[in-house]
Amino acid sequence: MKRNLFKKFFVVLLIMAFVLCPFMNSNITASAAEWDKPGYILTFHDEFNGNSLDLSKWNNCCVDVMSGPWIVGNDNFAYVPENVSVSGGCLRIRAEYNPITCRNSNGGISTVEYRSGSVHTRTKFQQTYGWWEARIKMPDFSTDRVVPGFWLMPASDRMVGEDGPGTGSTAEVDIMEHITNDPSYPNYVTSALHWGGYGANYKGTLIGFSRVENTSDWHVYALDWSPGKLDIYVDGVKTHTYTGEGIPFGDEIAVLSMAMHTTQGPGFECEMLVDYIRVYEKDPNAPTPTPIPPVQEQDAVYNQDHANISYHGDWATGSNPSAYLGDYCSTNTRDSYYTINFTGKSLKTYGQKDSWCGLADIFIDDEYMYTIDTYSPTVEYDQLLFDTGELEYGNHTVKVVVLGRRNPYAEECYINADKFEIEGGVTIYNNDDSSFIQYSRSWSYGVNENSYNGDYTSTNVRNSYYTINFTGTRLRAYAQKDSWCGMADIYVDNEYQQTIDTYSPTVEPNQLLYDTGELEYGNHTVRLVVLRQKNPAADEYYINSDWFEVFR
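This is the structure we're talking about:
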């Protein structure tokens, strides 16, 4: 799809070029998912439901010309109208070995070995800004070096900077390209920007690589183009934002094509399929979106066995139906202690008081604060043992040291640890809290006494995902890791952040799966997508969902 004059600059990108699906039977029907775009107006679309290309919308030829076969530069293929068809609910662009002699962009006639197709909307549709998307199925990755593409080209005006600084208003925007049979990038597509014309003032930049699980499946590729900004999306998830030099601000046209760099010879054939293309512009009368309301602030409650609590010395776990979650920790051994790390502005600790309870020293952020006496002449459950008082919001550590001492009325020196409340900092959500987390596709609910609140949610189905909306500065997700666990991608505010591996050779409940890191305080969205991939030591691909910490 690229012209020779700028191929020099982007030779690496071209090597990654992308291509289309293996030859498909004519009875395949692709069903387009409805794409709701609140705040936008549909300005152009083609669902390709007929039996031929709609020539009121498309030109069936290379973008350089308005009709007939055409060879770009010294390429060994020609864009030929007969290699474009519509059937089975799809636009089909066929690449094949089939020599042809025709015009070329160097001004002469030449013979090439391969044919492919291209369609574009020049003189039939053009637009500045808006949302441009297409649902595309590319050839199998093993296909030898074809380059399917979905891109924008100038409608008429010169490119930005083509005649020097301050000139032109357009550019070439490659929303999606993929080179098949490139072992370096089997699961990626590229997006790029080219401006300054294709001569002495040419400039270009790679916007980025977008990860795509199985490029030969159906995927929706999209561009959200606004003044000074290009946002790239794959299947509704924003993968890249570009705000640098060269962004167009004049009318562009849409192009769908498949370039070729194969050398396979006779018998070579494959297809690129397009289910639909849709273009929108922003509705000037659309209401301003309502912000996501912040979650209700509440105290986070930790049980005595929370991962943020560390016990040192001689502590024993006991069971009591009157204790929080039915259990507690205790000791009467001098200098035994526990620490609790938390983010927030205060901590309250609760436990049992009775005649067997004694004294302990409280340290906050390594400074001694006071000594507490937990004695009571009668048995009293869920009693406030100490309160840090108001602290500056942030990360804090509280240490409780058993003194092995008691007041004159007590019979023993025990200190109990049962329940902890953190104010204004961390809120814990369970995996089944529908106000917090939404599961999509195939997930199963399970019961496990080692899980938080005794339950969890899991799946091993590829592309199943969950979405979390929260208000705060950070989110941490916890669940069981074991030998049956696999990998998932994490997106924060629709941008890819990391890939996690949840495998463990042993069963380990309540493990940190991922941490968003510090975010600006506000409304955020986290999405986890199941990859159905695993490291070699794992037995399966499961991803577990158990409980979450939200930091204010």
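Heads up: the sequence shown begins at 364 in the numbering used here, then just goes up one per residue. Quick reminder that beta carbons are idealized off the backbone N, C-alpha and C, glycines included.
- Query: In whole angstroms, what separates the C-alpha of Ser468 from that of Tyr561?
  - Reply: 13 Å
- Item | Where Glu445 falls: helix, strand or coil (DSSP) | helix
- Query: Do you know offhand how far Gly613's Cα is from Leu586's?
  - Reply: 15 Å
- Task: For Arg804, count neighbouring Cβ atoms within 10 angstroms of its own Cβ and tell me buried if that reaches 16, exposed if not.
- Result: That one is exposed.
- Message: Rounded to whole angstroms, what is the Cα-Cα separation between Cys453 and Tyr639?
- Response: 7 Å
- Query: Based on Cα-Cα distance, which residue from Asn770, Ser908, Ala534 lies nearest to Leu891?
  - Reply: Ser908
- Where does Ser565 fall in DSSP's three states? This sequence places Tyr at residue 565; Ser is not what is there. Coil, per DSSP.
- Query: Would you report the Cα separation of Leu515 and Trp847, rounded to the nearest angstrom?
  - Reply: Their Cα atoms are separated by approximately 45 Å.
- Close Cβ partners of Gln490 (< 8 Å) along its chain, the five nearest in sequence each way excluded: These residues qualify, in order along the chain: Thr406, Phe407, Asp614, Glu615, Val642, Glu644.
- Message: Just list the residues that DSSP pairs Asn758 with in beta bridges.
- Response: Answer is Thr706, bridged to Asn758.
- According to DSSP, which residues form a beta bridge with Gln801? Thr830
- Task: Whole angstroms is fine: what's the gap from Ser532's alpha carbon to Ala555's?
- Result: Approximately 17 Å, taken between the alpha carbons.
- Task: Can you have a look at Val913 and say buried or exposed, based on whether 16 or more other CB atoms are within 10 angstroms of its CB?
- Result: By the Cβ-count criterion, Val913 is buried, with 16 or more other Cβ atoms from all chains shown falling within 10 Å of its own Cβ.
- For Asp526, which option in Lys566, Phe488, Asp545, Ile542 has the closest C-alpha, if you only look at C-alpha atoms? Lys566
- Query: Taking the runs of the beta strand (DSSP E) that are 3 residues or longer, which of them lie wholly in the region 855-897?
  - Reply: 858-864, 871-878, 885-893
- Kindly indicate the opening and closing residues of the beta strand (DSSP E) around His557. Looking at the DSSP string, the run of the beta strand (DSSP E) that includes His557 is 551-558.
- Query: With a CB to CB cut of under 6 Å and the five nearest residues on each side skipped, what residues in its chain are close to Ser481?
  - Reply: Cys425, Tyr442, Ser620
- Message: Looking only at its chain, what residues have a beta carbon closer than 7 Å to the beta carbon of Asn898, apart from the 5 residues adjacent to it on each side?
- Response: Asp864, Tyr866
- Task: With a threshold of 16 other CB atoms inside 10 Å of the CB of His541, please say whether the residue is buried or exposed.
- Result: buried
- Extent of the continuous beta strand (DSSP E) run through Lys500: 493-500
- Message: Cutting at 6 Å between CB atoms, please list the residues of its own chain near His624, excluding the five before and the five after it.
- Response: Arg508
- Item | Contact belief for Val552 with Val575 at Cβ below 8 Å, rounded distance in angstroms | 5 Å
- N-terminal and C-terminal residue of the beta strand (DSSP E) that His541 is part of: Note, His541: premise wrong, no beta strand (DSSP E); not H, not E.
- Message: Alpha carbons only, please: which of Trp494, Pro549, Glu496, Val523 is nearest the one belonging to Asp503?
- Response: Pro549
- Message: Please state the DSSP three-state secondary structure of Gly689.
- Response: The answer is helix: DSSP assigns Gly689 an H, G or I state.
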